[in-house]
Structure formats: C-alpha cells, structure tokens
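J.: Sharing a structure below in structure tokens format, with a few things to ask.
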Amino acid sequence: MTERLAKGAHPSKVRPVIVVGLDCAAPSLVFDRYRDAMPNVSALMHAGMWGELRSSEPPITVPAWTCMLSGRDPGELGLYGFRNRVEGGTKLRLATGRDVRVKRVWDWLGEHGHRVAPLFIPLTTPPTPVRGDLISGFLSTPDAPWTFPPSLAAELEAQFGTYQADVEDFRTDDLDRVYRDIEAMTRQHFAMAAYVWATREPSFMMLVEIGVDRFHHAFWHHVDPSHPDHDPTSEWTSIGRRYYALLDEEIGKLRSLAGDDVPMMVVSDHGARAMRGGFCVNEWLIETGRLVMRDAPAEPGALRHDMVDWSQTTAWAEGGYYARLFLNVKGREPNGTLSRADAARVKRTLIEELSRLIDDTGRAIPVEVHDPRTRYRASRGFPPDLMVYFDGLSLRAIGSVGHGQRVIRRNDTGPDTCNHDWQGVFVFAGPGVPRRGRIEGAQIYDVTPTILSRFGVERPPEILGRDWTDDRD
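In structure tokens:
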C-alpha cells in the first residue's frame, strides 16, 4: 500500500491534500531558530509559499481551529474561549462539538463527493458522521466515543494501543514525565494518521497535533532565552530543537507516504510568547469597588460565584489568556444591578480606566480593550461585554482572587511560562501551488478558501478569507 501511494496513485479524480496542524507552533521557531532542524518543512517552504498566519481574536485553540476551518469569526460561532457562558447563569461551560453549528471544510468537501479524514481536530467531540473517517481531538473524554465510524476506535487501538488524546497535568514541574507523554502522543497521532491515509485513502486529510501547545506551556522558559526564568545552563535548553525535529521527522514520513504529487499544508492556530506574569483583573475590580465580596478570601483561589455579593456588584471577569469582563445587567444576569443605560455608562468608564492601568509599582501596563459587538460580524451566544488583553499578551488575565496585588509573577493554574501570540504559521507546497516564497498578510480565515479551491469547490459566499493560490487576489 505504501509503495502504491508513494507513486501518487489515489482513487480521487482531484489531487488530494494533506494538512498538518501544529497547535501553537511559533513562527520564530519554525521559520528561524529551528529551521535547520526541520528539513522537510524547510523543503516545503522552498517549494511553495510560507509566512505568518494571523490568528483569530482571541488567539486560543477554541475558537481558532473552528474559525480556520469554517471561515467564520468567533462572534459568529459564539465561541469566545474553551468555556463560554450560557443563558440563565454566571458560570461558564466547556465547549464541545455540539456548539459548532456551521459547516467546516470537510463538510463541504464531503458534499462534493470527496472522502475526508479530519483527525484530532478540536471541537470534534463527540464525533459526528462525515463522508470518511474522523478521530476526535484532545477534548475527548475517557470511555466516550471518539471515532466515526465507531468501529474505527477498536481498529486503531489494536494497532497503536490506548488512544492518547491529550497530556494529563502538563502544568507541572515533572518535566521528564511531561516530555515522555508529549513525544509518545505525537508519534501515536502521526502513526494513526499514516494508517488512515494508507487504509482509507481520503482525498482530504487533516490532523492537528496538540502536543506542540503542551510542549510550549511546559518548556517555553527553556526554549526562549528572553524569558526571565531562562537558565542557559539547564539540561532542557536543547529540548525545543529535539521536539521540533521530531515533528519534522513525522511530517517527512507522512509526506513520503503520500508522495510528491500530494500538496501539503502546515499551519498553526496561533503562536507562542513568553508569559511574564498575570494581571489580577478581579482583584482590580474589587479594588475599584465594582466586584464586592461577601468575605475577603483568606488565601488565593478561584472566584466562586457564591462568594460574591451580587446586590452590590457591577462587574466581574473570567481569566485566561485574555480577560472576559462581564457587567451585572438587570434582566440578563440572575441578580443584575445595572440598567441597560447604566451598563453602557459603566462600560465607557471601564474602557477609560483600563487605558490608564498601572501595576503595583506605578508602571503603566499597555492594555487593549475591545467590544465584541464591534469586532465581529455577529455576536452570538453570550459574548463578554469587554475583551481585555494585557501587555501585548505577555501577561495572562488572572481571574482568581485573594492575591492582594494587581500583578503576580506566576500563572494561577499551575507552572506555565507560555502565553499565546497572534501569529501562527502557514506553509503550502505541491503541484498546482504557486511558488511565491514568503508571503505577507495571511490570516487564519484564508485556510478554508485555499483548500476548497484545490478541489474546485465553489467558495461559500458567507465565509471570510482569501485563496492564496489564486493569482487574481
């Protein structure tokens, strides 16, 4: 089977396409520092086009991969992060594939008769029927279905052992164990992808490797010499080159299996950068009198909503890579205090005060504040009232309380030295792909129209993005 595919044979009348997604892969590493350790990706860059890929807003795995593969922005999707608010409460619920109510690229291709294989892609849990085969991504839960068709799961585990959807507890100081798990998971995912390619012969196959993201969160301070915690004498300083070389090796195996006649795309949903601490956004709201607690927390911990005096509270926030700030609006929140008119006034005041934000020493903190209703084409679901980014994403948004200060040095969810960044990677090469070299201005929404054009599928009129293989653009 491998020999036949290597010669370019394929059941589809249209030349197939393989997309390799590397969650969180950073342009500075792929295109510069580790390029010499990635000969297969470097060869694709030389043969086709490559450049930075602007992520979605926010630049988070959920919603970014769905934005990429649907051509819709987060507001249209109603996905503002891993967890999203639902009507009738103040808490957030983890997103699942059921929250994706639009078609993705494999749906359009399947409708046009192409066999597809979306593998390990976020928000494909629970698995849904496709014209081909599907393996759910890292949000899969133990003992729940994780493939379509269901019989594929037993077939894969017979070949490759228990499916490792993610790395457990990757925010830890046990780096030896974390790296072993990341490497084993990455190799298993690529081996499964090669098996699906060889046995199912899809016209379109895409896999997303979450191990890159887990690697960065665990090891970024060892990879990035500019990180304040970087130790040039550490035994881990070469681990980045080792892991990126492993990724390239697996990409090379897949490319060799498919043959030179199959175009290949390598993309990431966002990049990575040094995390230098976090801004305690709820502490600031407490300090300014907008978030009122029933009792002062005795020690740092999560903001439990039963701790809040909602009758006196006008605003609170959820932390993460960025802050989602919510107003306590009458008729919308269970115990709202602000009229719609008052909420608009409070929002304007918050934007003004956040623009002058300072840390505990009086140093100004650069802040970007966005209103989702003006950033997206629609704001479905339950959007935050304000989206806040601290210090160009070098500071996380800390939602926990009890710190007694505005800026803390460490992440509040466990050891982590990486935050997400706006720019991911885009590489595309193969027959029919223009050899443009480095390109500028690519966005995450460009991936779907570029893929569809390879199959001669007309671009849906409602989606965002451009086709980078169209010389008329």
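Numbered per our numbering, the sequence shown spans residues 174 to 646. Think of the CB as a built atom: it goes at the ideal place given N, C-alpha and C, for glycine as much as any other residue.
Could you say if the stretch 220–238 and the stretch 459–469 meet the contact criterion of at least three C-beta pairs nearer than 8 angstroms?
T.: Judged by Cβ distances under 8 angstroms, the stretch 220–238 makes no contact with the stretch 459–469, as fewer than three pairs qualify.
J.: Among L307, R463, V289 and H287, which one has its Cα closest to the Cα of P295?
T.: With distances taken between Cα atoms, P295 lies closest to L307.
J.: Below 8 angstroms on the Cβ atoms is my guess for T239 versus V273; work out the distance and round it to an integer in Å.
T.: Indeed, because the Cβ distance is near 6 angstroms, the residues count as touching under 8 angstroms.
J.: Please work out which residues of its chain come closer than 7 angstroms, Cβ to Cβ, to G270, disregarding the five sequence neighbours upstream and downstream, and give them in chain order.
T.: Taken in chain order, the residues that qualify are L296, T297, T298, P299 and T301.
J.: When you compare only the Cα positions, how much space is there between F377 and T534?
T.: Those two C-alpha atoms are separated by around 54 angstroms.
J.: How would you write the range of the beta strand (DSSP E) that P291 sits in, first residue to last?
T.: Here the beta strand (DSSP E) through P291 covers V289 to I294.
J.: Got a sec: is the Cβ-Cβ distance from H478 to anything in chain B below 9 angstroms?
T.: Any reference to chain B falls outside this structure, which holds one protein chain only.
J.: Starting from L568, trace the beta strand (DSSP E) in both directions and tell me its first and last residue.
T.: Element bounds for L568: n/a, residue is neither H nor E.
J.: Mapping DSSP to helix, strand and coil, what is M365?
T.: In this structure, M365 counts as helix in the three-state DSSP scheme.
J.: Out of R415, V190, H390 and V289, which one is the CA nearest neighbour of M211?
T.: Of the candidates R415, V190, H390 and V289, the one whose C-alpha sits nearest the C-alpha of M211 is R415.
J.: Name the two residues that bound the continuous alpha helix (DSSP H) containing Y416.
T.: Residues I412 to A431.
J.: How would you write the range of the beta strand (DSSP E) that H390 sits in, first residue to last?
T.: Counting along the chain, H390 falls outside any beta strand (DSSP E), though it belongs to the alpha helix (DSSP H) covering G384 to V396.
J.: Since N257 is in the beta strand (DSSP E), which residue starts that stretch and which ends it?
T.: Run containing N257: R256 to R258, per the beta strand (DSSP E) assignment.
J.: If you draw a straight line from the alpha carbon of E356 to that of R449, how long is it in whole angstroms?
T.: Near 27 angstroms, if we compare the C-alpha coordinates of R449 and E356.
J.: When the Cα atoms are used, what is the spatial distance from R579 to V542?
T.: One C-alpha to the other measures close to 17 angstroms.
J.: With E525 as the anchor, note down where its alpha helix (DSSP H) starts and where it stops.
T.: Segment R513 to L527, the alpha helix (DSSP H) holding E525.
J.: Which same chain residues, not among the five before or five after V235, have their C-beta less than 7 angstroms away from its C-beta?
T.: Excluding positions up to five away in sequence, the list reads L252, G254, F255, A268, P295 and L296.
J.: Measuring only the C-alpha atoms, how far is P322 from V381?
T.: One C-alpha to the other measures close to 19 angstroms.
J.: Report the rounded CA-to-CA distance for F204 versus D482, giving the unit in angstroms.
T.: Near 51 angstroms, if we compare the C-alpha coordinates of D482 and F204.
J.: So if DSSP puts S309 in a beta bridge, which residue, or which two residues, is it bridged to?
T.: According to DSSP, S309 bridges with I294.
J.: According to the neighbour-count rule (16 or more other Cβ atoms, all chains shown, within 10 Å of its Cβ), is V259 buried or exposed?
T.: Classification of V259: exposed, given that the 10 Å Cβ count is below 16.
J.: Work out the CA separation of Y549 and D246 for me, nearest whole Å.
T.: Roughly 6 angstroms separates the two Cα atoms.
J.: Over what stretch of residues does the alpha helix (DSSP H) that includes Q332 continue unbroken?
T.: Its alpha helix (DSSP H) spans residues S324 to F333.
J.: Whose C-alpha, out of P507, R569 and R529, is nearest the C-alpha of K264?
T.: Per the Cα distances, P507.
J.: In the DSSP assignment, what are the bridge partners of Y352?
T.: None, per the DSSP bridge assignment.
J.: Is A367 closer than 9 angstroms to A602 when the C-beta atoms are compared?
T.: Taking 9 angstroms as the Cβ cut-off, A602 and A367 do not qualify as a contacting pair.
J.: Thinking R360 and E284 are a contact (beta carbons under 8 angstroms), I'd like their distance in whole angstroms, please.
T.: Not confirmed; about 34 angstroms, so no contact.
J.: Exposed or buried, what is S441 when buried is set at 16 or more other beta-carbons lying within 10 Å of its beta-carbon?
T.: Flag for S441 reads buried.
J.: Can you grab the Cα-Cα spacing for the pair K180 / E341, in whole Å?
T.: With a pLDDT of only 34 at K180, under the threshold of 50, the placement of this residue in the model should not be trusted; the figure read from the coordinates follows. Whole-angstrom Cα-Cα distance: 40 angstroms.
J.: Between R627 and G605, how many whole angstroms is the CB-CB distance? I'm expecting something under 8 angstroms.
T.: Confirmed, about 7 angstroms.
J.: Measure the beta-carbon distance from W489 to L430 and round it to whole angstroms, keeping in mind my assumption that it falls under 8 angstroms.
T.: At roughly 51 angstroms, the Cβ-Cβ gap does not stay under 8 angstroms, so W489 and L430 are not in contact.
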